[in-house]
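Notes follow the structure.
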Amino acid sequence: AFCFCYYHHNRDLSLILFLSQYLVTHFSDFQLACIGSFLLHESVFFLSGLPFIYLERQGFLTKYKIQVYSLFFILICSQWSSSVFALRDQPWECEAVFLYRPGITRKEVSAQILFYFIIEDFVFYWGHRILHTKWLYKTVHSVHHEYATPFGLTSEYAHPAEILFLGFATIVGPALTGPHLITLWLWMVLRVLETVEAHCGYHFPWSLSNFLPLYGGADFHDYHHRLLYTKSGNYSSTFVYMDWIFGTDKGYRRLKYLKENSDLKQT
1 AFCFCYYHHN RDLSLILFLS QYLVTHFSDF QLACIGSFLL HESVFFLSGL
51 PFIYLERQGF LTKYKIQVYS LFFILICSQW SSSVFALRDQ PWECEAVFLY
101 RPGITRKEVS AQILFYFIIE DFVFYWGHRI LHTKWLYKTV HSVHHEYATP
151 FGLTSEYAHP AEILFLGFAT IVGPALTGPH LITLWLWMVL RVLETVEAHC
201 GYHFPWSLSN FLPLYGGADF HDYHHRLLYT KSGNYSSTFV YMDWIFGTDK
251 GYRRLKYLKE NSDLKQT
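When you line the sequence shown up against the UniProt record's numbering, it's residues 1 to 267, in that order.
Below is the structure:
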């Protein structure tokens with residue numbers, strides 16, 4: 001069994017290395033970091049967001065919906081914001097890919113991805129919290145909060161200044177470490193999937209927040225959208241430890257506690 005797993009581990013790793021080496025050999029850093037990242041981002045963004053629109057339109061799994069809403073001009077708005085998202089990251093990603101190294105290990109990839117999540121959560125929390133101050137909320141962040149009932153493709157619908165501001169949180173980790181190309185793209189995919197899931201408007205029994213400690217998910221972030229202006233709380237990105245440390249999730253925790261008690265009394 002050990003030999004079998006070892007064989008498949010090396011085979012998978014060799015395939016990844018071959019693919020990355022092929023890309024680096026046949027395409028420039030600019031093409032990979034900018035065009036490649038843009039195409040990857042757009043593909044993952046729409047392929048992960050569109051199924052939730054289908055569920056909404058067909059009325060499937062409505063018992064798992066957190067709020068009821070109507071959809072208007074979503075593809076236009078999301079395409080605009082998504083395109084700006086890709087443009088804002090190009091300089092940082094070019095620098096990261098420029099530091100490309102030929103070797104890659106699963107241990108290294110896992111450690112870097114974990115580091116990216118930690119630093120992104122920290123930077124995003126403070127940036128997001130600042131955006132909820134009076135002037136910045138009214139001038140910038142209110143665009144994103146036009147959708148009090150979010151859905152997947154609104155995750156990147158925001159003012160250009162906000163996209164530039166909070167986008168720094170996503171790419172600061174790779175900019176510091178200079179990851180392998182595959183690591184950079186894996187991080188991008190995970191972040192897109194996370195932000196689409198957080199805005200999807202559904203809380204399923206199989207949602208990650210039911211199994212992964214400190215993971216926010218849709219229910220956590222949906223509360224943030226329901227309460228407007230400066231007192232909403234729940235500013236975290238992926239994991240919620242920053243809100244817990246600074247007490248900015250007290251309203252959400254209390255509401256969740258009251259709801260659970262109410263459900264228990266009804267049963």
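Ideal Cβ positions, reconstructed from N, Cα and C, are used throughout, including at glycine. For clarity, every value in this text was computed on a predicted model and none was experimentally measured.
{"query": "Starting from residue 185, trace the alpha helix (DSSP H) both ways and give me its first and last residue.", "result": "181-198"}
{"query": "Compute the Euclidean distance between the alpha carbons of residue 94 and residue 168, then round it to the nearest angstrom.", "result": "With a pLDDT of only 48 at residue 94, under the threshold of 50, the placement of this residue in the model should not be trusted; the figure read from the coordinates follows. About 14 Å."}
{"query": "Quick check on residue 261 - is its C-beta less than 8 Å from some C-beta in chain D?", "result": "This model lacks chain D altogether; it includes just one protein chain."}
{"query": "Which class does residue 151 belong to by DSSP, given the choice of helix, strand or coil?", "result": "coil"}
{"query": "Rounded to the nearest angstrom, what separates residue 127 and residue 214 at their Cα positions?", "result": "20 Å"}
{"query": "Could you tell me whether the Cβ atoms of residue 208 and residue 217 are closer together than 8 Å?", "result": "yes"}
{"query": "Return the first residue and the last residue of the alpha helix (DSSP H) that residue 112 is part of.", "result": "106-131"}
{"query": "Assign residue 257 to buried or exposed, taking buried as 16 or more other Cβ atoms, counted over all protein chains shown, within 10 Å of its Cβ.", "result": "exposed"}
{"query": "To the nearest angstrom, how far is it from the Cα of residue 285 to the Cα of residue 45?", "result": "The requested residue 285 does not occur in the structure, where the chain is confined to residues 1 to 267."}
{"query": "For residue 182, which residues in the same chain have their Cβ closer than 8 Å to its Cβ, ignoring the five residues on either side in sequence?", "result": "16, 19, 20, 104, 109"}
{"query": "Return the Cβ separation of residue 121 and residue 246 in integer angstroms, given the expectation that the two are a contact with Cβ distance under 8 Å.", "result": "Not really, about 12 Å apart at Cβ, beyond 8 Å."}
{"query": "On the three-state DSSP scale, how would you describe residue 252?", "result": "helix"}
{"query": "Tell me which residue opens and which closes the alpha helix (DSSP H) that residue 238 is part of.", "result": "Here residue 238 belongs to no alpha helix (DSSP H), and DSSP marks it neither H nor E."}
{"query": "Would you mind reading off the limits of the alpha helix (DSSP H) that contains residue 134?", "result": "134-139"}
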